[in-house]
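Peer 1:
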Amino acid sequence: PALPLTGSVTHRVYRARSSFLDLSEEQVLRRYRLDKAAIAGLCRELGADLESLTGRSHALPVAVKVTSALTFLASGSFQTATRDSTGISQSAMSNCLAQFLEALQRRAARYIAFPAPGRTAPTAPGPGGGAGAFPGVLGLLGSMHVALRAPSENEGAFRNARNFHSMNMQVVCDAAGAITNVVAKFPGSCPNAAVLENSALARLLEGARPEGAWLLGDRSYPLKTWLMTPILFPCGAAEERYNALHHQALAALRQTRALLKRRFRCLDAAGGCLQYAPQKVCQIFLACCVLHNIALRRRMPLEPPEGPEPDPEPELPLQAPHVQISSEARAVRARIVQQVKDSMG
């Protein structure tokens with residue numbers, strides 16, 4: 001279907017624009033990180049929210065708003081977004097981004113959904129490595145720190161263990177890298193365990209108590225019946241093997257975090273921190289996660305980005321949670337270790 005790409009031109013607001021439909025698929029993918037069909041789909045889905053309600057004849061078309069926002073998220077640069085994509089003014093660009101983020105946030109649940117425990121089979125043990133080699137995996141749990149400028153209020157709460165200001169974003173993905181849960185609201189000083197403890201996901205799993213299924217997380221999280229963590233001091237071949245399988249499974253999460261930063265340079269601290277308030281930074285991160293899932297579903301290749309590789313996720317000192325581990329949780333992990341031992345022959 002035809003897209004609303006036409007409209008009166010006003011030099012007061014923006015210069016002459018070129019439609020993304022005039023570019024090759026390779027150019028579109030490199031610039032926007034999505035293909036033409038995906039961008040057209042976003043224009044249709046977000047159109048009702050992004051169409052101007054003012055009735056002004058010079059309002060920006062929906063496609064311009066969408067591609068302007070995508071260019072900023074992909075490049076991390078307002079200058080790149082205004083110059084290379086649509087040539088609109090920075091004030092118009094700011095409005096485009098705000099409207100796009102709000103519209104996508106309202107629809108995030110359509111694209112990011114944690115599988116209901118018991119309704120989908122967790123991964124089974126398998127010989128191929130990855131999450132399939134660790135039994136019963138519901139998802140891979142971790143965090144991403146997204147750098148932002150020092151907030152004017154409560155600045156210390158946003159300073160993380162590496163001494164830069166950030167938001168601590170909780171992410172769960174599956175073995176294929178699809179993001180199934182995001183918690184984007186806690187400042188950088190907040191420990192991973194506290195983010196999890198105060199999340200709807202923790203309440204869901206505490207209530208459901210899925211049998212034979214669990215998340216995997218690193219040792220910054222507490223061991224629970226539904227969350228398996230590494231054994232701090234492994235004894236014997238079976239516990240060593242358990243830790244090795246656990247580490248292999250979490251590789252998909254590490255790859256997903258790296259891919260997010262490659263696709264969306266706005267998340268890469270190497271290009272500088274995001275110059276926004278915490279709430280806007282959280283909206284930006286959520287939007288990138290939604291777009292990542294769209295790209296993954298459409299099996300889009302990732303064009304090699306220009307410039308240096310993004311910084312790896314900073315290795316923050318792991319804050320081991322000071323909580324009492326239940327005997328029930330220890331028993332669940334012991335049964336998995338026994339299962340691993342049995343598979344070793």
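Note that the UniProt record's numbering has the sequence shown beginning at 1, numbered continuously upward. For glycine and all other residues, C-beta sits at the position ideal for the given N, C-alpha and C. Predicted model, so just to flag it, every value in this text is computed and none were measured.
CA-CA distance, Val183 and Gly345?
Peer 2: 41 Å
Peer 1: Tell me the residue span of the beta strand (DSSP E) that contains Pro187.
Peer 2: 179-187
Peer 1: What separation, rounded to the nearest whole angstrom, lies between the Cα atoms of Pro210 and His246?
Peer 2: 19 Å
Peer 1: Among Leu138, Gly76, Ala287, Ala150, which residue has its Cα nearest to the Cα of Pro117?
Peer 2: Leu138
Peer 1: Whole angstroms is fine: what's the gap from Thr54's alpha carbon to Tyr276's?
Peer 2: With a pLDDT of only 48 at Thr54, under the threshold of 50, the placement of this residue in the model should not be trusted, and no figure is reported.
Peer 1: So, at 7 Å on beta carbons, what are the nonlocal neighbours of Ala178 in its own chain, with the 5 sequence-adjacent residues on each side left out?
Peer 2: If you ignore the 5 residues before and after Ala178, its C-beta comes within less than 7 Å of the C-beta of Asn293, Leu296, all in its own chain and listed in chain order.
Peer 1: According to the Cβ coordinates, are Ala69 and Ser19 closer than 9 Å?
Peer 2: Taking 9 Å as the Cβ cut-off, Ala69 and Ser19 do not qualify as a contacting pair.
Peer 1: In terms of residues, what are the limits of the alpha helix (DSSP H) holding Leu274?
Peer 2: Counting along the chain, Leu274 falls outside any alpha helix (DSSP H), and DSSP gives it neither H nor E.
Peer 1: Three or more C-beta pairs closer than 8 Å, one from the stretch 146-163 and one from the stretch 275-291: is that the case here?
Peer 2: yes
Peer 1: In or out: Ala113 buried (at least 16 other Cβ within 10 Å) or exposed?
Peer 2: Flag for Ala113 reads exposed.
Peer 1: How would you label Thr6, buried or exposed, when you count the other beta carbons within 10 angstroms and need 16 or more for buried?
Peer 2: Residue confidence for Thr6 is low, a pLDDT of 37 falling below 50, so the modelled location carries little weight and cannot support an answer.
Peer 1: I need the straight-line Cα distance from Lys224 to Ser327, nearest angstrom please.
Peer 2: 9 Å
Peer 1: Grab me the residues of Phe158's own chain with a C-beta within less than 6 Å of its C-beta, minus the 5 sequence neighbours each way, in chain order.
Peer 2: Pro151, His165, Pro187, Gly188
Peer 1: Assuming Leu141 and Leu227 are in contact, meaning their beta carbons sit under 8 Å apart, how far apart are those beta carbons, in whole angstroms?
Peer 2: 7 Å
Peer 1: DSSP on Ala16, reduced to helix/strand/coil?
Peer 2: Unreliable positioning characterises Ala16 in this predicted model, as indicated by a pLDDT of 38, which lies under 50. The coordinate reading is nonetheless provided below. Coil.
Peer 1: Do the CB positions of Ile39 and Thr67 come within less than 9 Å of each other?
Peer 2: yes
Peer 1: Measuring alpha carbon to alpha carbon, tell me which residue in Pro230, Cys43, Ile336, Ala175 is nearest Ala251.
Peer 2: Minimum Cα distance to Ala251 is reached at Ala175.
Peer 1: So the candidates are Ala208, Arg333, Arg107; which of them puts its Cα closest to the Cα of Leu232?
Peer 2: Arg333
Peer 1: Identify which residue in Leu50, Ala108, Tyr111, Pro115 has its Cα closest to the Cα of Cys96.
Peer 2: Leu50
Peer 1: Starting from the C-beta of Pro127, find all residues in its chain whose C-beta is less than 6 Å away, skip the five residues before and the five after it, and write them out in chain order.
Peer 2: Unreliable positioning characterises Pro127 in this predicted model, as indicated by a pLDDT of 37, which lies under 50. The coordinate reading is nonetheless provided below. There are no such residues.
Peer 1: Please report how far the alpha carbon of Val9 lies from the alpha carbon of Asn181, in whole angstroms.
Peer 2: Low confidence applies to Val9: its pLDDT is 37, below 50, so where it sits in the model is not reliable, and the reading given next is rough at best. Answer to the nearest angstrom: the Cα atoms are 41 Å apart.
Peer 1: Rounded to whole angstroms, what is the Cα-Cα separation between Ala270 and Leu216?
Peer 2: 29 Å
Peer 1: Let me know the secondary structure DSSP gives Arg159 once reduced to three states.
Peer 2: strand
Peer 1: Cβ of Val284 within 9 Å of Cβ of Leu267?
Peer 2: It should be noted that the sequence gives Ile, not Val, for residue 284. Contact check for Ile284 against Leu267 passes: the beta carbons are separated by less than 9 Å.
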